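Asker: Chains as they are written, first to last, in my numbering: chain E, 955 to 1280; chain F, 955 to 1280.
2 protein chains.
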Amino acid sequence: MLTPPGDAHYMAAALALSERGRGQTGANPNVGCIIVKNGVIIGRGWTQPGGRPHAEEMALAQAGTAARGADIYVTMEPCAHESTRGPTCSNAIIDAKPKRVIVATLDADERTRRRGIDRLGDAGIPVSVGIREPEARRAMAGFLCRVENGRPFVTLKLAMSLDGCIAMADGSSQWITGDRARAHSHLERARSDAILVGAGTARVDRPGLDVRLDGLADRSPQPVVLGTDKDMPEHWQQLDEPAAIAGLADINWLLVEGGAKTATSFLAAGLVDRLLLYRAPILIGGGLPSIGDIGLNKLAEAHGEWQRTDRRDLGQDMLEIYDRAA
Amino acid sequence: MLTPPGDAHYMAAALALSERGRGQTGANPNVGCIIVKNGVIIGRGWTQPGGRPHAEEMALAQAGTAARGADIYVTMEPCAHESTRGPTCSNAIIDAKPKRVIVATLDADERTRRRGIDRLGDAGIPVSVGIREPEARRAMAGFLCRVENGRPFVTLKLAMSLDGCIAMADGSSQWITGDRARAHSHLERARSDAILVGAGTARVDRPGLDVRLDGLADRSPQPVVLGTDKDMPEHWQQLDEPAAIAGLADINWLLVEGGAKTATSFLAAGLVDRLLLYRAPILIGGGLPSIGDIGLNKLAEAHGEWQRTDRRDLGQDMLEIYDRAA
Chain E
955 MLTPPGDAHY MAAALALSER GRGQTGANPN VGCIIVKNGV IIGRGWTQPG
1005 GRPHAEEMAL AQAGTAARGA DIYVTMEPCA HESTRGPTCS NAIIDAKPKR
1055 VIVATLDADE RTRRRGIDRL GDAGIPVSVG IREPEARRAM AGFLCRVENG
1105 RPFVTLKLAM SLDGCIAMAD GSSQWITGDR ARAHSHLERA RSDAILVGAG
1155 TARVDRPGLD VRLDGLADRS PQPVVLGTDK DMPEHWQQLD EPAAIAGLAD
1205 INWLLVEGGA KTATSFLAAG LVDRLLLYRA PILIGGGLPS IGDIGLNKLA
1255 EAHGEWQRTD RRDLGQDMLE IYDRAA
Chain F
955 MLTPPGDAHY MAAALALSER GRGQTGANPN VGCIIVKNGV IIGRGWTQPG
1005 GRPHAEEMAL AQAGTAARGA DIYVTMEPCA HESTRGPTCS NAIIDAKPKR
1055 VIVATLDADE RTRRRGIDRL GDAGIPVSVG IREPEARRAM AGFLCRVENG
1105 RPFVTLKLAM SLDGCIAMAD GSSQWITGDR ARAHSHLERA RSDAILVGAG
1155 TARVDRPGLD VRLDGLADRS PQPVVLGTDK DMPEHWQQLD EPAAIAGLAD
1205 INWLLVEGGA KTATSFLAAG LVDRLLLYRA PILIGGGLPS IGDIGLNKLA
1255 EAHGEWQRTD RRDLGQDMLE IYDRAA
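(1) Less than 8 Å between CB atoms is the rule here; does A1280/E satisfy it with respect to chain F?
(2) For the alpha helix (DSSP H) holding R1143/E, just list the boundary residues, first then last.
(3) Is DSSP giving D1227/F helix, strand or coil here?
(4) Which chain E residues sit within Cβ distance under 7 Å of H1257/F?
(5) Assess, as a yes-or-no matter, whether the stretch 1194 to 1213 of chain E is touched by the stretch 1143 to 1157 of chain E under the definition of 3 or more beta carbon pairs within less than 8 Å.
(6) Check whether the Cβ atoms of T1216/F and L1180/F sit closer than 8 Å, and answer yes or no.
(7) Give a yes or no on whether 8 Å exceeds the smallest Cβ distance from D1227/F to chain E.
(8) Taking just the CA atoms, how far does A1009/E sit from M1094/E?
(9) Is the Cβ of I1130/F closer than 8 Å to any Cβ of chain E?
(10) Could you tell me whether the Cβ of R1262/F comes closer than 8 Å to any Cβ of chain E?
(11) How should N992/F be labelled, buried or exposed, when 16 other C-beta atoms within 10 angstroms of its C-beta is the threshold for buried?
(12) What residues from the stretch 1110 to 1126 of chain F come within 9 Å of chain E, judged by C-beta to C-beta, listed N to C?
(13) Roughly how far, in whole angstroms, is the beta-carbon of L1229/F from the beta-carbon of L1112/F, given that I think they are within contact range, below 8 Å?
(14) Quick one: any contact between the stretch 1219 to 1237 of chain E and the stretch 1269 to 1276 of chain E, if contact means 3 or more CB pairs under 8 Å?
(15) Determine the contact status of D1277/E and Q1261/E, defining contact as a CB-CB distance below 8 Å.
(16) Check the Cβ-Cβ distances between G1240/F and every residue of chain E, and say whether any is below 8 Å.
(17) Mind listing, in chain order, the continuous beta strand (DSSP E) runs of no fewer than 3 residues lying wholly within the stretch 1028 to 1111 of chain E?
(18) Judging by CA-CA distance, which residue of L1098/F, R1105/F, G1005/F and D1159/F is the nearest neighbour of D1063/F?
(19) What residues of chain F sit near S1244/E, judged by a beta carbon separation below 8 Å?
(20) Let me check one thing: in DSSP terms, what residues is S1179/E bridge-paired to?
(21) Chain E beta carbons: is any one of them nearer than 8 Å to that of L1221/F?
(22) List the whole-angstrom C-beta distance separating I1079/F from V1108/F, where the pair is believed to meet the contact cut-off of C-beta under 8 Å.
(23) DSSP has Y1232/F in a bridge; who is on the other side?
(24) In chain E, which residues lie with their C-beta within 7 Å of the C-beta of L1193/F?
(25) State the CB to CB distance for the pair G1132/E and G1269/E, rounded to an integer number of angstroms; the pair is presumed to be in contact (CB under 8 Å).
(26) Please compile the residues from chain E whose C-beta is within a distance smaller than 7 Å of the C-beta of D1271/F.
(27) Between which two residues does the alpha helix (DSSP H) containing D1172/E stretch?
(28) Give the DSSP-derived three-state secondary structure of D1264/F in the structure shown.
(29) In the DSSP assignment, find the unbroken beta strand (DSSP E) run with K991/F in it and report its ends.
(30) What are the residues of the stretch 976 to 992 of chain F that lie near chain E, defined by any Cβ-Cβ distance shorter than 9 Å?
(31) Once the 5 residues before and after R1145/E are set aside, which same chain residues still bring their CB inside 7 Å of it?
(32) Residues of chain E with CB under 8 Å from Y1276/F, in chain order?
(33) Since S1219/F and P1196/F should fall inside the 8 Å C-beta cutoff, what is the C-beta to C-beta distance between them, to a whole number of angstroms?
(34) Which residues in chain B sit within 8 Å of I1048/F, going by Cβ to Cβ distance?
(35) Quick one: which chain F residues come within Cβ less than 9 Å of T1216/E?
(36) Do V1081/E and L1074/E have their C-beta atoms closer together than 8 Å?
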């Protein structure tokens, strides 16, 4: 006999929904929400483009009056602050009279942290906190990084050969990886609020910094250039140094695409949270290295900084994802 | 109900035995042999150190008179030539009166090819050829390469960071990979007849070119140095260029360990059959690249040369194995 789904199961489903909003929610966290009653999912929601409606609002609208007596799974504590842009989720949940609310992680913002769950508790609704919290922190890392570290979550993408080159010595790099790896990298763009390249790459690749996947072209991220860019289009943003990403408004997820100089400057500044390594089964030999001097003094210091969190095949190529070790 | 094992199953067992002899069989192929009667394995053999006894001789000795009416699985066609060093396997098999002989691949040597199976057939013993032949060619690639290409099968080992560096800019490389990856690389030494390093690496690492694994120290390969080595110990061999590996006597499996210059020269000469990439989850940045110019003219030419044949985790590190694409 199958074991009935438990809290961890439903929270995993809410986390999967949260991924839908990644790169689209402005200053808001990309939250996911599932409402379950008698083993049936009666509402599903995720933070909508621009940040509203919130995940809970969407899920409650689907569930309607059936939410009464249901279990509500939400990946982050419901908001408790008043806003002109929509309802306060903790109030809306109280009005819906659920049996229980299950929260993966608290709001990171100290000004609002615990207020949502306290309000639910004061209204007599049992609240559980901490189910799948590590996964939730990963799924909403953009928002959490911005609140906790005052800057976007930075993903560095590198497409390289087995010997770690991102181009031949003459700079040619079309193509190292194949169609499927490149399609995946466009999906990653669609999951980012902004995409950053160095001025050199901008000169070469400017027209290409959008999402070229059918149905996702409208999810193209905000372009940002690092360095001096004389021909910068009006809607681009320009930064003088990696640390200036702190000033990017409403950007949770920043994808750094290169080139090597830009990658190096972000790594040297300690401003990379995730590595996306697309690796082709080729040797280049004497090509352009993926990164330059990042300030490493001793080999021992290089260890323990990164841990692999995912790995998959993309056609002939491989994708490896490394997150900064906790 | 379980399906009873078939020919492919038993041949896989014979191939697993053949691996035991790898790097130990001198000029002989590292053959494996299984004798099966009524679903019971009554004999197992593999080519012994130095090349004798042959796998079939060992398996037949175990089976004794029970070999009569049994199925004999052997990874390579039994030998048909006379030798002062031991019995001729095809004759020994005929004497044993098996029901059937199953062969994965024929001898590569045109002077003896088909003679073994023809002799069995002439004696009225049914012979099947070709079961798991690709795996057999891989398992005995050292011998086959030497016969077909006139040189050992060359495996190039590289231990590198995620960004493809084999050392920091100052040359320090202790340690990039961890204990388990280093232990595996010593196992790979034990599976090699000879190990080759450049003169520079020999100066630094000379005392370390043995197998440092309990119980396997006596399997340390023949050391070979590429280039001018003033302090070369008497038992080492010296080569002036990669192509000179053709002159290494009785060496089926050659492991090239580095450094980068040596790796580059073998790749540039087209004399690498397999890549062993040990990769640590670290970034070095601006370190020594794993390989230099290997003569690649266009990026497109780099594709299709290598295919991944294995991948595994070794502690925090990864091992990837690439074979030259067929």
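Glycine is no exception: its CB is placed at the ideal position from the N, C-alpha and C atoms.
The structure displayed is predicted, hence computed values, not measured ones.
Answerer: Walking through what the data contain:
(1) So no, A1280/E is outside the interface.
(2) From DSSP, the alpha helix (DSSP H) with R1143/E extends over D1133 to A1144.
(3) Here D1227/F sits in coil by DSSP.
(4) Under the 7 Å cutoff, chain E gives I1236.
(5) Yes, they touch.
(6) For the pair T1216/F and L1180/F, the CB atoms are nearer than the 8 Å cut-off.
(7) It does not; no Cβ of chain E falls within 8 Å.
(8) Near 13 Å, if we compare the C-alpha coordinates of A1009/E and M1094/E.
(9) With respect to chain E, the C-beta atom of I1130/F has a partner C-beta closer than 8 Å.
(10) Taking Cβ atoms only, chain E reaches closer than 8 Å to R1262/F, which makes this a yes.
(11) Result: exposed.
(12) Correct list: L1112, M1114, S1115, L1116, D1117, G1118, C1119, A1121, M1122, A1123 and S1126.
(13) For L1229/F against L1112/F, the beta-carbon gap comes to about 7 Å, under 8 Å, which counts as contact.
(14) The stretch 1219 to 1237 of chain E vs the stretch 1269 to 1276 of chain E: in contact.
(15) With respect to the 8 Å criterion, D1277/E and Q1261/E are classified as neighbours on the basis of their beta carbons.
(16) At least one CB atom of chain E sits nearer than 8 Å to the CB of G1240/F.
(17) As far as the stretch 1028 to 1111 of chain E is concerned, its whole beta strand (DSSP E) runs of at least 3 residues are 1054 to 1059 and 1081 to 1083.
(18) Answer by Cα proximity: L1098/F.
(19) Within 8 Å Cβ-Cβ: D1117 and G1118.
(20) In the sequence as presented, Ser is not what sits at residue 1179/E; that position holds Val. V1179/E pairs with V1151/E and Q1192/E.
(21) By this cut-off, L1221/F is an interface position.
(22) I1079/F to V1108/F, Cβ: 37 Å. No contact.
(23) Answer is A1113/F and L1273/F.
(24) Near L1193/F there are no residues of chain E at all, since even the closest Cβ is about 21 Å away, more than 7 Å.
(25) The Cβ separation is near 5 Å, so the contact holds.
(26) Within chain E, no residue comes near D1271/F; the closest Cβ sits about 10 Å away, beyond 7 Å.
(27) Looking at the DSSP string, D1172/E is not in any alpha helix (DSSP H), and its letter there is neither H nor E.
(28) Residue state for D1264/F is assigned as strand, using DSSP reduced to three classes.
(29) In the DSSP annotation of this structure, the continuous segment of the beta strand (DSSP E) that includes K991/F starts and ends at G986 to K991.
(30) Per Cβ criterion, the list is empty.
(31) Taken in chain order, the residues that qualify are R976, G977 and W1207.
(32) What Y1276/F touches in chain E: L1116 and P1235.
(33) Their Cβ separation, rounded to whole angstroms, is 5 Å, which keeps S1219/F and P1196/F in contact under 8 Å.
(34) This model lacks chain B altogether, as its protein chains are E and F.
(35) At a C-beta separation below 9 Å, T1216/E has no neighbours in chain F, since its nearest C-beta there lies roughly 13 Å away.
(36) Result yes, Cβ atoms of V1081/E and L1074/E sit closer than 8 Å.
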